[in-house]
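The structure under discussion appears below in the form of structure tokens.
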Amino acid sequence: MQITTTETVPDGEIDEVLGVARGNTVEARNVGRDITQGIRNIFGGELKAYSELLSKARDEAVDRMEADAERMGADAVVNVRLETSQIIDGGSEVMAYGTAVQLR
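With the first letter of the sequence shown counted as 1, position 83 gets the number 83 in the numbering used here; the numbers rise by one all the way through.
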């Protein structure tokens with residue numbers, strides 16, 4: 001499965017557009033991380049635990065988008081985008097979506 005943020009696949013020709021493929025996940029912080037990251041926030045610097053949490057969430061959302069595209073019979077997903085939003089205090093949703101296509 002090819003995943004790309006461009007409208008086309010390099011060296012590939014789109015034969016059929018199958019629809020929107022999407023995947024999402026909701027991740028929540030935990031109390032232990034909140035305490036250590038709160039202290040780090042006072043002094044400045046990267047909040048590594050949160051960076052890792054969001055990186056894991058992005059990977060999961062992309063994996064789920066890919067699985068959705070495979071169920072549609074796609075060879076590739078083009079025009080892939082990622083969005084993040086806070087849905088509850090301490091919880092964020094990450095969504096990956098793109099156009100599932102079959103290649104010639």
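Cβ coordinates follow ideal geometry from the N, Cα and C atoms, glycine included.
Can you tell me the Cα-Cα spacing of residue i and residue j, whole angstroms?
i    : j    : result
E16  : L103 : 7 angstroms
M72  : D63  : 14 angstroms
S51  : I14  : 35 angstroms
A74  : L18  : 7 angstroms
V26  : A69  : 20 angstroms
A21  : E60  : 14 angstroms
R81  : I87  : 19 angstroms
L149 : A100 : What is shown of the chain runs 1 to 104, which leaves residue 149 out entirely.
P10  : Y97  : 19 angstroms
Count the other C-beta atoms from every protein chain shown that fall within 10 angstroms of the C-beta of residue i, then say buried if there are 16 or more, exposed otherwise.
i   : result
A67 : exposed
A76 : buried
G23 : buried
M1  : exposed
Per DSSP, which residues does residue i bridge with? Please list them.
i   : result
N24 : M95
G19 : A100
I3  : V77
T84 : V94
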